[in-house]
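For reference, the structure discussed in these notes is given below.
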Amino acid sequence: MGLTVFDTADLPPEQRFEWWRETVSRGAGATLITADRPADFAGSMGVLPLGPVQVATVSFPAMSSERTDRLIRRSDPETYELTLILRGSMQVSQADRQARLAAGDFNLWSSSFPSGSRSAGGREGVPAAPSDALILHLPRTLVPLPEAKVNRLLARGLPAGTGVAAILARHLTSVVEEAEHLDEGDGNRLGALTSDLATALLARHLDAADLLPPHTRQQVLLSRIDTFIEDNLADPELSPRTVAARHHISVRLLHRLFAAREESVSATIRRLRLERCSADLVDPRLVGTPVHAVGARWGFADAAAFSRTFRAAYGISPRDHRHGAPTARVGRTRPAGQTVGHRR
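The opening position of the sequence shown corresponds to residue 652 in the working numbering, with each subsequent residue numbered one higher.
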């Protein structure tokens with residue numbers, strides 16, 4: 652699949668700002684946009700369809716946007732837009748509320764209500780650095796929560812530092828990073844998971860988790876488990892038993908949750924540890940780290956067992972891999988639909 656990238660640098664300067672305004676209006680509904688420096692406007696946008704939802708990356712200079720009642724009557728895609736600020740800051744308003752967003756905040760928009768935003772500008776004579784954001788376009792029909800309740804979250808600012816918000820932020824970032832390796836089937840499955848995580852985030856802030864469908868609750872639990880495993884690979888005690896205990900479920904239920912995947916819990920832990928070891932062994936910054944220490948760094952407490960496990964997965968020893976010998980085979984790829992965690 653990959654991101655479809657649009658960049659104003661590919662256009663003549665006199666066409667760039669007008670193109671940006673038209674492109675944004677097509678995606679989010681008719682919007683009035685003004686820029687501090689329209690003559691030298693520079694922005695880029697990447698679009699990734701995931702079944703019924705869409706993820707977009709945007710980078711843009713200081714500007715303002717306004718969506719009025721008249722523009723809504725002209726065009727309303729009836730979507731929610733969940734925006735994650737990656738760099739910069741923004742003042743937003745909707746539903747008689749205002750919020751100031753900083754990097755690491757989510758904001759929820761509705762295409763059906765008047766709204767406004769203003770990204771940070773620079774000092775006099777000094778343009779501001781571009782603002783960067785990820786935007787999830789989510790049809791309202793996919794959100795199984797009362798619309799009147801969800802609208803309470805418009806223009807409130809939802810921190811993405813912990814809990815479901817942090818899981819969703821990492822998920823969106825990693826899906827974009829892995830976009831070129833996804834096919835249409837992956838996209839459809841990831842779209843369903845993305846919708847579930849976004850819905851869970853909204854329900855969390857509305858204290859409405861009991862309104863979530865069982866499938867959504869299961870997907871959110873799996874995403875929490877995936878994140879916990881990714882974050883604790885260095886712990887040699889990490890196992891199905893410790894994973895289950897951390898999430899207050901039985902080991903039997905944990906295995907049942909993983910039954911639809913290509914890998915068991917133990918196989919997932921082993922593969923992720925080996926992927927980290929493989930990357931570290933060829934990292935020039937770690938050339939002085941002994942092979943056994945690399946294994947221990949990612950939870951392989953026994954050096955001999957690490958060597959055997961690595962050879963079984965890649966067809967060569969860890970030492971030969973470090974010295975550039977070709978591998979006989981690569982490790983298993985991540986099951987499509989599983990949250991893609993951050994890379995260390």
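From the three backbone atoms N, C-alpha and C, an ideal C-beta is built for every residue, glycine too.
From the DSSP output, read off the bridge partner residues of residue i.
i      : result
SER770 : MET741
ILE684 : SER716
GLN705 : PRO700 and HIS788
PHE711 : SER782
THR734 : ASN758 and ILE786
ARG721 : For ARG721, which the question treats as bridged, DSSP gives no partner whatsoever.
ARG748 : GLN745
LEU848 : Partner(s): none; LEU848 has no beta bridge.
SER929 : In DSSP, SER929 forms no bridge with anything.
SER695 : ASP658 and SER710
Quick one: what does DSSP say residue i is sitting in, helix, strand or coil?
i      : result
PRO790 : strand
VAL656 : strand
PRO810 : strand
ASN839 : helix
ILE967 : coil
TRP760 : strand
LEU833 : coil
ARG922 : helix
ALA817 : helix
ALA753 : strand
SER915 : coil
LEU905 : helix
LEU804 : helix
SER726 : coil
SER958 : helix
SER890 : coil
HIS993 : Confidence at HIS993 is low in this model, with a pLDDT of 33, below 50, so the placement of that residue should be treated as unreliable; the coordinate-derived value is given next. Note: HIS993 maps to coil in three-state DSSP.
HIS822 : helix
LEU853 : helix
ALA952 : coil
HIS943 : helix
ILE900 : coil
Quick one: Cα of residue i to Cα of residue j, how far?
i      : j      : result
VAL698 : ARG970 : 41 Å
GLY680 : SER766 : 11 Å
ARG912 : PHE757 : 30 Å
ILE967 : GLU828 : 29 Å
TRP671 : ASP661 : 12 Å
LEU796 : LEU932 : 47 Å
ALA843 : GLY939 : 44 Å
LEU798 : GLU673 : The identity of residue 798 in the sequence shown is Glu, whereas the question assumes Leu. The straight-line gap from Cα to Cα measures roughly 28 Å.
ARG807 : ARG962 : 52 Å
THR845 : LEU804 : 19 Å
LEU937 : ALA952 : 18 Å
THR659 : ALA910 : 46 Å
ALA896 : MET652 : 38 Å
ARG921 : ARG959 : 12 Å
GLU888 : LEU923 : 15 Å
LYS800 : LEU789 : 16 Å
SER825 : LEU841 : 11 Å
ASP861 : TYR731 : 21 Å
THR893 : PHE957 : 21 Å
VAL743 : ARG718 : 12 Å
GLU729 : SER676 : 13 Å
VAL942 : TYR965 : 15 Å
PHE764 : ASN802 : 10 Å
SER782 : ALA859 : 32 Å
ASP720 : ARG875 : 40 Å
GLN705 : ALA954 : 45 Å
VAL945 : ASP886 : 13 Å
GLY678 : SER726 : 11 Å
GLN870 : ILE900 : 15 Å
THR685 : LEU701 : 30 Å
Using 10 angstroms around the beta-carbon of residue i, count the other beta-carbons present and answer buried if the total reaches 16, otherwise exposed.
i      : result
ARG927 : buried
LEU904 : exposed
SER716 : buried
GLY975 : exposed
ARG994 : Summary for ARG994: the model assigns pLDDT 31, below 50, so the residue's position carries little reliability; its value from the coordinates is reported in the next sentence. With fewer than 16 other Cβ atoms within 10 Å, it is exposed.
ARG724 : exposed
ALA656 : Before going further, note that residue 656 is Val rather than Ala in the sequence given. VAL656 is exposed by the Cβ-count criterion.
ALA918 : exposed
ASP877 : buried
SER761 : buried
ALA784 : buried
THR813 : exposed
THR792 : exposed
GLN989 : Bear in mind that the predicted position of GLN989 carries a pLDDT of just 43, short of 50, making it too unreliable to give a figure here.
GLY836 : exposed
Under 8 Å from any heavy atom of the ligand COA, does the C-beta of residue i make it?
i      : result
GLU673 : Of ligands this structure carries none, so the ligand COA is not represented either.
### Message
Any contact between the segment 675-691 and the segment 815-827? By contact I mean 3 or more CB pairs, one from each, below 8 Å.
### Response
Touching, no.
### Query
Taking one C-beta from the segment 704-716 and one from the segment 748-755 each time, how about it: are there three or more such pairs within less than 8 Å?
By the criterion of at least three beta-carbon pairs nearer than 8 Å, the segment 704-716 is not in contact with the segment 748-755.
### Query
How do the segment 878-886 and the segment 847-858 stand: do at least 3 beta-carbon pairs fall below 8 Å, yes or no?
no
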